[in-house]
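Notes follow the structure.
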Amino acid sequence: MSKPFLSVENLTQIYPDGQGGDLTVFEDATFGVEKGEFVVILGHSGCGKSTIMNILAGLADPTSGVVKMDGFEVSGPSLDRGVVFQNYSLLPWLSTLKNVTFGVAARHPEWTKAQVIEHSKKYLAMVGLEGDVVYRKPSQLSGGMRQRVSIARAFANHPKLLLLDEPFGALDALTRGTIQDELLKIWGGTEQTVFMITHDIDEAILLADRILLMSNGPFARVAESVEITIPRPRNRTDIVEHPNYYAIRNHLVHFLGQRSKEISGKAEGSDTNRPETVHIDKTALAADGPGDAPRRLRAVNT
Amino acid sequence: MAGLSLNQRAAVLSIVLLAVGLLIWEAAIPAQKAVGELTEYERLTGGGAPKAGVPAPSQVIAKAWEELSNPFYDAGPNDKGIGIQIGYSIYRVLSGYLLAAIVAIPLGFLIGMSQTAFKALNPFIQVLRPISPLAWMPLALFIIQDSEASAIFVIFICSIWPMLINTAFGVAGVRQDWVNVARTHELGNLRTAFTVILPAAAPTIVTGMRISIGIAWLVIVAAEMLVGGTGIGYYVWNEWNNLDLTSVVFSILMIGVVGMLLDSAFGILQRAVAYVE
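So the protein lines, in turn, are chains A and B. No gaps in the numbering here: position 204 of the first sequence is 204 in UniProt numbering, and each next residue is one more. No gaps in the numbering here: position 191 of the second sequence is 191 in UniProt numbering, and each next residue is one more.
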């Protein structure tokens, strides 16, 4: 099997626990992300999702393990890995437009000012920010608009890997829905590889090609990799009617509600530590006849 | 009053307070008797000569009019226009202040960025900061051997601390998220310092600069009383020696006005660099 575009190998993070001992947050996290894939990682607080994100972004170093992107080891932050932070991280003294040109100018130092502005405005328009709004300061924007700016800033830079750290966590449910749709729209046009953290199961199913499930910390692991077998383009109202939707959703709820606790801390003893792939497909079940059912269901319930 | 805005009402009240204050002041000054009303004894004991006394506001206003209509005359070392005296003071304040800013802001940056530098320098700052700037004057006069430069040194030493401490706190308090934005955009250290840390810390830094200019203006009056020669502080002391209290009161008012102007200049700067998170 060829190496995936992004390959995370045996990542382990150990922090001092403040009492002279060590706290292993996660251990031997190993997974891959293919080019153009949208991967979401789900897990309870404290399992180290954000730490994994920071390591991928190059903002933190793991205790051990490596991250390789395109065959090269990741060390330190880079423009090839764009990040959308949960709290937007816009620079409050710059206007909306300048927050985006800031990134574009860093990415393309050879561009003229006019080019940078034109490119930035194009991406702001993609997230629905046009006209006078772009000259406002972030403090004059709503939370949803701020996160749009942050998303525009990240997409405008065409990073090889886009990291989204709970991008909609601080937004109300309605705004969240709109921006998720916008994110899907932009993503659909760019084939951008995305790695995202979330707490929200429905959001994960709507957006992801694949969901990585983490067991609880300490000694958290990336336990399963659930394929989302719902065809694209998706939208929030239609996907709930897809036969796979509730099957997948139930599986995720079950994992997060129960199994993430049960399997936490247990070393599986497997050599690779790769997450177990889970493929739930009721449509295939219906087509292939009942004979296929037990095997697939078993995979779900182990 | 009902139809006026808040600012208009405040302005009316200010004017009323000023008028009442001036009237009370005017009324409280005993009038000097005219020579004709004096008894012979009083005339023999010099009662006819003008007495020094706290001037009435009308006299101060007349003095102010006279001085401000010709602020830049120069009639020898003891008789210069108020504009020239204030000019000397501002020159000293700005020289000392700018030197202090050149030292304090980069040093504050360093202290704010590095825990080690902060811990290493903090004891020195804590000991040096509470020293009255005038206490440095004898040492400065002896070492520098020049009263002009000594006055500037005193301004330097008094304005350095608020700027240094505020810069350090401002830089240390820059949100890690913003620094991370710079890092994920591959900005170098210098560009991060200028495009992210400096604007983020600017409101705190400018607050320190504003405190410093206020202190510098307070100290220059005292310093000039000591070093003499020129400046508004010297002017006050010189007029006291002349027993010209009208000029003393007038120059006190001028010190207040100039201090207010310096402060409001930094107020404008502060608004320019302020941001809302």
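No residue lacks a Cβ here, since even glycine has one placed at the ideal position from N, Cα and C. This structure is a prediction, so every number in the text was calculated from the model and none was measured.
Problem - Proximal residues of chain A, C-beta to C-beta of B/Glu239 below 9 angstroms - result: Looking up residue 239 of chain B in the second sequence gives position 239. Those do not exist, as B/Glu239 stays about 47 angstroms from chain A at its closest Cβ, beyond 9 angstroms.
Exercise for the section: Can you give me, in chain order, the residues of the stretch 191-214 of chain B that have a beta carbon less than 8 angstroms from any beta carbon in chain A? Expected result: Thr195, Val196, Pro199, Ala200, Ala202
Handout entry: For A/Pro16, three-class secondary structure by DSSP
Key = Mapped onto the first sequence, residue 16 of chain A falls at position 16. Here A/Pro16 sits in strand by DSSP.
Exercise for the section: Just the C-alpha distance for A/Glu241 and A/Glu224, rounded to the nearest angstrom, thanks. Expected result: As a working note, residue 241 of chain A is residue 241 in the first sequence. As a working note, residue 224 of chain A is residue 224 in the first sequence. Each residue's alpha carbon lies about 25 angstroms from the other.
Exercise for the section: Let me know if A/Asn244 comes out buried or exposed under the rule of 16 or more other beta-carbons within 10 Å of its beta-carbon. Expected result: Start at 1 with the first residue of the first sequence, and residue 244 of chain A comes out as number 244. Result: buried.
Problem - Distance between beta carbons of A/Leu163 and A/Phe195, contact taken as under 8 angstroms - result: Within the first sequence, the letter at position 195 stands for residue 195 of chain A. Within the first sequence, the letter at position 163 stands for residue 163 of chain A. The pair is a contact, with the Cβ atoms about 5 angstroms apart (cut-off 8 angstroms).
Handout entry: Cβ neighbours of B/Ile211 in the same chain (closer than 7 angstroms, five flanking residues each side left out)
Key = Walking along the second sequence from the start, residue 211 of chain B turns up at place 211. Pro162.
Handout entry: Distance between beta carbons of A/Leu97 and A/Asn157, contact taken as under 8 angstroms
Key = On the first sequence, position 157 is the one that residue 157 of chain A refers to. On the first sequence, position 97 is the one that residue 97 of chain A refers to. In fact, because the Cβ distance is near 15 angstroms, the residues do not count as touching under 8 angstroms.
Practice task
Starting from A/Val83, follow its DSSP beta bridges and name the residues at the other end.
Solution key: Position 83 of the first sequence, counted from the first residue, corresponds to residue 83 of chain A. Answer by DSSP bridge pairing, in chain order: A/Leu163.
Problem - Residues that A/Trp111 contacts on chain B, provided the C-beta gap is smaller than 9 angstroms - result: The sequence position of residue 111 of chain A within the first sequence is 111, counting from 1. Residues of chain B passing the Cβ test: none, with the nearest at roughly 14 angstroms.
Practice task
Kindly indicate if chain B contains any beta-carbon less than 7 angstroms away from that of A/Arg298.
Solution key: For the purposes of this step, residue 298 of chain A is taken as residue 298 along the first sequence, with counting starting at 1. Only weak support is given to the placement of A/Arg298: the predicted model assigns it a pLDDT of 43, under 50, and the question is left unresolved by the model.
Exercise for the section: In the DSSP assignment, find the unbroken alpha helix (DSSP H) run with B/Ala75 in it and report its ends. Expected result: Counted from its first residue, the second sequence places residue 75 of chain B at position 75. No alpha helix (DSSP H) holds B/Ala75; DSSP gives it neither H nor E.
Exercise for the section: Taking 7 angstroms as the cut-off, decide whether the C-beta atoms of A/Phe5 and A/Lys35 are in contact. Expected result: Within the first sequence, numbered from 1, the residue matching residue 5 of chain A stands at position 5. Within the first sequence, numbered from 1, the residue matching residue 35 of chain A stands at position 35. For A/Phe5 and A/Lys35, yes; Cβs fall inside 7 angstroms.
Practice task
Name the one or two DSSP bridge partners that A/Lys122 has.
Solution key: Indexing the first sequence from 1 puts residue 122 of chain A at position 122. The partner list for A/Lys122 (beta bridge, DSSP) is empty, contrary to what the question assumes.
Practice task
With a 10 Å radius around its C-beta and 16 neighbouring C-beta atoms as the bar for buried, classify A/Tyr135 as buried or exposed.
Solution key: Translated into positions along the first sequence, residue 135 of chain A becomes position 135. Exposed.
Problem - Pairwise C-alpha distance: A/Pro275 and A/Arg176 - result: As a working mapping, residue 176 of chain A is identified with position 176 in the first sequence. As a working mapping, residue 275 of chain A is identified with position 275 in the first sequence. Their Cα atoms are separated by approximately 29 angstroms.
Handout entry: Under the three-state DSSP convention, the category A/Thr302 falls into
Key = If you number the first sequence from 1, residue 302 of chain A lands on position 302. Any reading at A/Thr302 must be qualified, since the residue scores a pLDDT of 39, below 50, and its modelled position is unreliable; the value itself is stated next. A/Thr302 falls in the coil class under three-state DSSP.
Exercise for the section: Verify whether the separation of the beta carbon atoms of B/Ile152 and B/Arg92 is less than 7 angstroms. Expected result: Locating residue 152 of chain B in the second sequence gives position 152, where the first residue counts as 1. Locating residue 92 of chain B in the second sequence gives position 92, where the first residue counts as 1. Contact flag set, yes.
Exercise for the section: Report yes or no: is there a C-beta of chain A within less than 7 angstroms of the C-beta of B/Val181? Expected result: Stepping through the second sequence from its first residue, residue 181 of chain B is reached at position 181. B/Val181 counts as touching chain A.
Exercise for the section: Grab me the residues of B/Val181's own chain with a C-beta within less than 8 angstroms of its C-beta, minus the 5 sequence neighbours each way, in chain order. Expected result: Walking along the second sequence from the start, residue 181 of chain B turns up at place 181. Around B/Val181: Val196.
Practice task
Can you tell me which of the three DSSP states A/Thr229 falls into?
Solution key: Here residue 229 of chain A refers to the residue found at position 229 of the first sequence. If DSSP states are grouped into helix, strand and coil, A/Thr229 belongs with coil.
Problem - Interface residues of chain A facing residue 281 of chain B [CB-CB closer than 8 angstroms] - result: Residue 281 of chain B lies beyond the residue range present for chain B, which begins at 1 and ends at 277; the question has no answer from this structure.
Problem - With 16 other Cβ atoms within 10 Å as the buried cut-off, status of B/Lys80 - result: Walking along the second sequence from the start, residue 80 of chain B turns up at place 80. Classification for B/Lys80: buried.
Exercise for the section: Could you tell me whether any Cβ in chain A is nearer than 7 angstroms to the Cβ of B/Val171? Expected result: Reading the second sequence from its first residue, position 171 is the one you call residue 171 of chain B. Not an interface residue.
Handout entry: is_contact[A/Pro92, chain B] using C-beta, thresh 7 angstroms
Key = Stepping through the first sequence from its first residue, residue 92 of chain A is reached at position 92. At least one chain B Cβ lies under 7 angstroms of A/Pro92.
Handout entry: Pairwise C-alpha distance: A/Leu252 and A/Val300
Key = By 1-based counting over the first sequence, the position of residue 300 of chain A is 300. By 1-based counting over the first sequence, the position of residue 252 of chain A is 252. With a pLDDT of 44 at A/Val300, under the threshold of 50, the modelled position of this residue cannot be trusted, and the question is left open.
Problem - Chain-ordered residues of the stretch 62-80 of chain A with a beta carbon less than 7 angstroms from chain B - result: Pro77, Ser78, Leu79
Practice task
Check distances from the C-beta atoms of the stretch 128-147 of chain A to those of chain B and list, in chain order, the residues that come in under 9 angstroms.
Solution key: Lys137, Pro138, Ser139, Gln140
Exercise for the section: Could you spell out where the beta strand (DSSP E) holding A/Leu23 opens and where it closes? Expected result: For the purposes of this step, residue 23 of chain A is taken as the residue at position 23 of the first sequence. Taken as a continuous stretch (DSSP letters only), the beta strand (DSSP E) holding A/Leu23 covers 22-33.
Problem - A/Ser260 at chain B interface by Cβ criterion, 7 angstroms - result: For the purposes of this step, residue 260 of chain A is taken as residue 260 along the first sequence, with counting starting at 1. No, A/Ser260 lies away from the interface with chain B (no Cβ there is under 7 angstroms from its Cβ).
Handout entry: Simplified DSSP state of A/Pro4, which is helix, strand or coil
Key = The residue labelled residue 4 of chain A in the question sits at position 4 within the first sequence. Residue state, collapsed to three classes: coil.
Exercise for the section: Please confirm whether B/Val206 and B/Val273 have their CB atoms less than 7 angstroms apart. Expected result: Taking the first residue of the second sequence as 1, we reach residue 206 of chain B at position 206. Taking the first residue of the second sequence as 1, we reach residue 273 of chain B at position 273. Yes; because the gap between Cβ atoms is below 7 angstroms, this pair is in contact.
Handout entry: Which residues DSSP lists as bridging A/His279, in chain order
Key = As a first step, residue 279 of chain A is located in the first sequence; it is residue number 279 there, counting from the start. Paired residues: A/Glu227.
Practice task
Closer than 8 angstroms by beta-carbon distance: list the chain A residues that pair up with B/Ile178, in chain order.
Solution key: Indexing the second sequence from 1 puts residue 178 of chain B at position 178. A small fix is needed here, since residue 178 of chain B is Trp in this sequence, not Ile. Here the neighbours are Ser89, Leu91.
Practice task
Look at the alpha carbon of B/Thr246 and the alpha carbon of B/Ala202, and state the distance between them as a whole number of angstroms.
Solution key: In the second sequence, counting from the first residue as 1, residue 246 of chain B sits at position 246. In the second sequence, counting from the first residue as 1, residue 202 of chain B sits at position 202. Spanning the two alpha carbons is a distance of roughly 43 angstroms.
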